[in-house]
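Sequential numbering of the sequence shown, starting at 446, is according to the numbering used here. A short write-up of the structure that comes next.
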Amino acid sequence: MDNDCTVLVIEDDDEARAPLCEFLGAAGYRVRAARGGGEALAELGAAPAGAVLLDLVMPEPDGFEVLRRVRERDPALPVIVLSALSQTEDVVRAMKLGATDYLPKPFDPAELELVLRRALDGRGRARADAARNGAVPEAPDPGAIPLLSGAMDRVRELVERIADTDVPVLLIGESGVGKDVIARRIHAESRRAARPFVKINCAALPGELLESELFGHEKGAFTGAHAEKPGKFELAHEGTIFLDEIGEMDPRLQAKLLQVLQDEEFYRVGGKRPVRVDARVVVATNRNLELAIRQGSFREDLFYRLNVVTVRVPPLRERKEEIGPLVRHFVRKYRERYQGGLEEVPPEVMERFHAYDWPGNVRELENLVRRLVVLRDPAMVLGELGAPRAAAGPPPANVASNHVRPGASPLHAALPEDAPLKDVARRAARIAEREAILRALMRTGWNKRKAAKRLQVSYKALLYKIKDCGIVDPRDAATVDEA
């Protein structure tokens with residue numbers, strides 16, 4: 446048997462890792478192994494994999510953090526999590542972070558083979574083939590997510606007018622509104638549609654790693670650079686590169702990006718010869734870049750290079766007529782992926798969806814629908830959303846509800862009277878976590894790095910928590926909310 450696919454096994458237990466690798470090798474897979482999270486991320490940075498088997502219980506970074514980082518790098522890479530922890534909360538958390546499937550330990554090797562094959566079928570197999578060939582082109586589907594509301598009319602009009610040009614595009618909107626969907630649509634409707642669409646999250650990697658990911662490196666450029674590696678810009682040649690969270694890019698890399706935009710060439714890390722590139726650049730942010738310029742954290746010349754066309758993507762609370770089509774789309778998507786699950790969202794859940802303000806926007810809605818499909822537990826989702834508001838007034842003029850003082854967040858909405866104790870505990874933990882984050886941010890003047898130190902978590906972990914809790918930096922509210 447020849448499965449012609451590289452599987453990265455991330456397992457810190459030598460006694461578990463060795464037989465797992467041996468089984469996969471005998472099944473025809475090419476196998477790479479990592480003993481911990483840091484080594485795994487370095488392995489994925491050095492060469493792509495077709496699928497990942499990830500143990501959740503490891504020293505820091507643990508499996509959940511590794512899963513989050515992997516998913517930020519590649520949303521479609523099949524990741525199967527393995528753990529002796531089998532509580533529903535762990536399954537939900539792993540699914541929420543983007544796991545493709547979950548296997549509790551101990552498991553039957555035949556079951557692992559079935560799950561792995563299922564993960565690699567269809568889109569997963571196509572992405573595995575692309576990764577094996579050294580590139581990670583996206584296959585955008587312009588009709589993948591419905592954009593049906595009047596609030597999106599201007600967005601659609603702009604996309605149609607600019608898609609077939611090569612001008613840089615700046616997408617602005619709250620976290621989770623679907624900026625990546627708009628970026629893919631721009632690519633899909635352009636003359637570059639048959640070429641790669643390559644995405645990278647500028648906040649997901651520290652400066653040195655981000656530089657290597659964007660521009661590639663030569664053999665021997667740094668410790669661990671055992672072979673030359675093309676960067677994302679080279680992989681996007683004649684296609685489109687999408688730089689998400691551009692506001693988090695280090696100023697030194699901003700200068701190098703500006704050079705690429707001006708000269709259409711760059712140097713790999715450790716390189717001595719310029720590399721020519723022809724790639725359309727689309728960037729996205731939920732930050733107020735003009736404020737960042739005044740604060741000295743973003744280059745003014747780069748801003749004007751990128752700000753040729755600005756597309757502001759409205760939050761989900763301003764386009765609630767899309768909730769029904771989005772829910773149906775996500776149900777179909779995840780029933781197909783998991784080959785079964787909840788067929789239809791109950792009316793009482795849909796009613797709650799329409800009453801909720803969705804601080805996490807479309808991403809939050811998709812995660813909830815995904816858990817509904819897999820766990821088939823509407824009561825759990827109703828418990829998470831809390832009781833609907835007595836009167837759904839007009840949407841707020843700003844996003845203050847997302848960064849209000851501790852104690853005033855939407856998470857404080859009441860649970861149903863008959864909510865299970867685990868739902869009560871989960872809600873209490875989320876409220877306490879959100880309030881602790883808000884206090885730290887307020888005490889540090891919304892300096893996220895200082896807040897991360899105060900909370901004793903990594904900067905990247907805090908960014909994830911801020912998104913997960915639907916917290917919005919008040920300094921960004923003016924730009925994010927403009928229609």
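For glycine and all other residues, C-beta sits at the position ideal for the given N, C-alpha and C. Since the model is a prediction, treat every value here as computed from it, not as a measurement.
Residues that residue i bridges to, as DSSP identifies them
i	result
VAL728	LEU615 and LEU688
ASP546	ILE525
LEU499	ILE455 and VAL526
GLU710	ARG721
ARG477	LEU453
Beta-carbon proximity of residue i to residue j, cut-off 8 Å
i	j	result
ALA713	GLY769	Position check: residue 713 holds Arg in this sequence, whereas Ala was assumed. No; because the gap between Cβ atoms is not below 8 Å, this pair is not in contact.
ALA885	ARG875	no
VAL454	VAL476	yes
PHE711	ASP625	no
LEU616	LEU655	no
ALA485	ALA479	yes
GLU880	LYS910	no
ALA944	VAL727	Shown here, the chain extends from 446 to 928; a query on residue 944 therefore has no answer.
LEU548	GLU556	yes
GLU781	ALA729	no
ALA681	PRO641	yes
ASN752	SER620	no
LEU787	LEU817	yes
GLY715	GLU663	yes
MET540	VAL819	yes
VAL600	VAL756	yes
LEU907	ALA896	yes
7 Å Cβ shell around residue i - same chain, five flanking residues per side excluded
i	result
VAL902	none
GLU517	ASN646 and ALA649
MET503	ASP457, GLY481 and GLY482
ALA835	Because ALA835 carries a pLDDT of 35, less than 50, the predicted location of this residue cannot be relied on, and the following value inherits that uncertainty. Cβ neighbours of ALA835 beyond the five flanking positions: none.
LEU703	ARG744, ASP746, LEU747 and ARG750
ALA596	PRO759, GLU763 and ARG764
PRO587	With a pLDDT of only 35 at PRO587, under the threshold of 50, the placement of this residue in the model should not be trusted, and no figure is reported.
Same chain only: Cβ atoms within 8 Å of residue i, ignoring 5 sequence neighbours per side
i	result
VAL452	LEU469, TYR474, ARG475, VAL476, ARG477, ALA494, GLY495, ALA496, VAL497, LEU498 and LEU561
VAL772	VAL790, MET795, PHE798, LEU810 and VAL814
GLU709	ARG721, VAL722 and ASP723
PRO554	PHE468
ASP507	GLY482 and LEU501
ARG718	TYR712
Own chain residues within Cβ distance below 6 Å of residue i, not counting five before or after
i	result
GLY579	Because GLY579 sits at a pLDDT of 41, beneath the cut-off of 50, its placement in the model cannot be relied upon, and the following sentence gives the value as read from the coordinates. Answer for GLY579: no residue qualifies.
PRO675	GLY661
VAL604	ARG630 and ILE631
ARG850	At ARG850 the pLDDT is 36, less than 50, meaning the model places this residue with poor confidence; the figure from the coordinates comes in the next sentence. Excluding residues within five positions, none has a Cβ falling inside 6 Å.
PHE775	GLU811 and VAL814
GLU653	none
PRO464	none
GLU693	CYS647 and ALA648
VAL705	PHE711
GLU683	ARG640 and ASP723
heavy atom of the ligand ADP below 7 Å from residue i C-beta
i	result
VAL515	Summarising the ligand content, the structure contains no ligands, and the ligand ADP is consequently not present.
Next item on the list: Report yes or no: do the stretch 756–772 and the stretch 731–743 share at least 3 C-beta pairs separated by less than 8 Å?
Entry: No, they do not touch.
Note to self: I'd like the ranges of any beta strand (DSSP E) spanning at least 3 consecutive residues and lying wholly in the stretch 724–784.
What the structure shows: 725–730 and 754–757
Note to self: Quick check on the DSSP output: what are the complete beta strand (DSSP E) runs of length 3 or more inside the stretch 784–836, in order along the chain?
What the structure shows: none
Margin query: Tell me whether the stretch 625–641 and the stretch 593–611 touch, counting them as touching only if at least three CB pairs, one residue from each stretch, are closer than 8 Å.
Written below: yes
Next item on the list: At 3 residues or longer, and completely inside the stretch 614–677: list those beta strand (DSSP E) runs for me, N to C.
Entry: 614–617 and 642–646
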